Amino acid sequence: MLAGLYVVTLAAVVPKGAGGHGRDGSWSSEEARRFWGPTRMTSSTDPQDPENADADPDAKSEAQKITGSARHFAGVPTVGVIFYVGEDMKNHHCTASVVHSPKGNLIVTAGHCSFGDAAAFVPDYQQGASQQPYGVWAVDRTFTDPRRDDYGDGSDLDFAFATLKPDSRGRQIERVTGANRLVRTPGYTNRVTVIGYPDVDDDPADQAIRCTAMTERLDGHKQLRMRCDGFYSGTSGSPWLIHFNEKSKTGDLVGVLGGLNGGGPDGDDSARVSYSPVDDDEIFKLYLDAINDREPKR
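Residue 651 is where the sequence shown starts when you use this note's numbering, and the numbers rise one by one after that.
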């Protein structure tokens, strides 16, 4: 499936120091806001296939009603899009979400969403907005388990954290958006709310989607499996939340869309069936690495 690495237009000149891995302290959230302005964000989410560009959103919505798939909605403050420039000098995106941490500067996503240059997180991303409702936040440093792989036991480790720079007012992101709570996955059967941002080649609305579904175990892996149509490329890293509170728009995070084959099967079921590694000791070890700003070693 590899549902996350959405590739689009050639990137413009990347700002000096915009490494997105804590390699250069000059990449700030203010610089990220200027670099990822409305024009560049739009170019990063414009359909590249003329046939897809002419797709009918109403037809898409009708298909969703028929299949019982994820639905579009206005989004939530804690979930958004990661924009970054890959080694191919093209723009990419994945989904990520804010999780509670002592410093209030932490997001979680899929491990296969390896960030490139000019990495920035846009919570509650709104397509075409002249100003994003919760700002644009520069990625400071990323943390992945070195044993992670797309297949085998390494796919059970397909999660990642990233720390963010404060905004121009010195605020950490959690103060602005709130946060979900990282918890241990209580079992393989859960009622989860999953929120993500599909790419526009598959979903022309370019809007957040959500689905509430029951999970089961993915045979042979420490991973959850759910069936809900609409989780196309771009949704890797989408949070899987239990106890989702409609008032606070937060919940307890028990997984992120990822895992075996990047988060789902190939073929006709690639957007209908999704996977997530369970939250066990391994993700909490990585969480401790992230909040202590240390290199993961296993």
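Each residue gets a CB set at the ideal place from its N, CA and C atoms; glycine is no exception. What you are looking at is a predicted structure, and each value in this text was computed from that prediction instead of being measured.
Check: Starting from the C-beta of VAL844, find all residues in its chain whose C-beta is less than 6 Å away, skip the five residues before and the five after it, and write them out in chain order.; Outcome: CYS861, SER888, TRP890
Check: So what does PHE964 bridge to, in DSSP terms?; Outcome: Lying before the first or after the last residue shown, residue 964 is absent from the chain, which here runs from 651 to 948.
Check: Could you tell me the alpha carbon to alpha carbon distance between ALA886 and SER926, rounded to whole angstroms?; Outcome: Rather than Ala, the amino acid found at residue 886 in this sequence is Ser. Approximately 9 Å between the Cα atoms of the pair.
Check: For the beta strand (DSSP E) holding PHE925, just list the boundary residues, first then last.; Outcome: Going by the sequence as given, residue 925 is Tyr instead of Phe. It spans 923-927 - the beta strand (DSSP E) in which TYR925 sits, taken as one unbroken run.
Check: Any idea what DSSP makes of PHE934, helix, strand or coil?; Outcome: helix
Check: Pull up the CB-CB distance for THR794 and PRO946, whole angstroms please, since I reckon it's below 8 Å.; Outcome: 7 Å
Check: Assign GLU824 to buried or exposed, taking buried as 16 or more other Cβ atoms, counted over all protein chains shown, within 10 Å of its Cβ.; Outcome: buried
Check: Out of THR827, VAL789, LEU868, which has the shortest C-alpha to C-alpha gap to PHE685?; Outcome: VAL789
Check: Is it right to say PHE723 is buried, meaning 16 or more other beta carbons lie within 10 angstroms of its own, or is it exposed?; Outcome: exposed
Check: Take every Cβ of the stretch 759-773, pair it with every Cβ of the stretch 807-818, and state whether three or more of those distances are shorter than 8 Å.; Outcome: yes
Check: To the nearest angstrom, report how far apart THR835 and ASP879 are at their CA atoms.; Outcome: 23 Å
Check: Between ARG797 and ASP806, what straight-line distance do the alpha-carbon atoms span, to the nearest angstrom?; Outcome: 10 Å
Check: Can you find the residues in the same chain that come closer than 6 Å, C-beta to C-beta, to LYS935, ignoring five residues on each side of it along the sequence?; Outcome: none
Check: Should the stretch 937-944 be called in touch with the stretch 911-928, which here means at least 3 C-beta pairs below 8 Å?; Outcome: no
Check: Look up GLY730 in the DSSP assignment and give the residues it is bridged to.; Outcome: ALA746, PRO773
Check: Assign ARG831 to one of two classes, buried (16 or more other C-beta atoms within 10 Å of its C-beta) or exposed (fewer than that).; Outcome: exposed
Check: Using only the alpha-carbon positions, how far apart do GLY909 and GLN873 sit?; Outcome: 7 Å
Check: Thinking PRO688 and SER780 are a contact (beta carbons under 8 Å), I'd like their distance in whole angstroms, please.; Outcome: 6 Å
Check: Does DSSP classify ARG831 as helix, strand or coil?; Outcome: strand
Check: According to DSSP, simplified to helix, strand and coil, what is GLU945?; Outcome: coil
Check: I need the boundaries of the beta strand (DSSP E) containing GLU866, first residue and last residue.; Outcome: 859-867
Check: Determine the burial state of TYR882: buried for a count of at least 16 other Cβ atoms within 10 Å of its Cβ, exposed for fewer.; Outcome: buried
Check: Give me the DSSP bridge partner(s) of TRP787.; Outcome: PHE771
Check: On a Cα-Cα basis, can you pick out the residue from PRO816, TYR838, PRO848 that is closest to GLY754?; Outcome: PRO816
Check: Using only the alpha-carbon positions, how far apart do HIS750 and ALA829 sit?; Outcome: 5 Å
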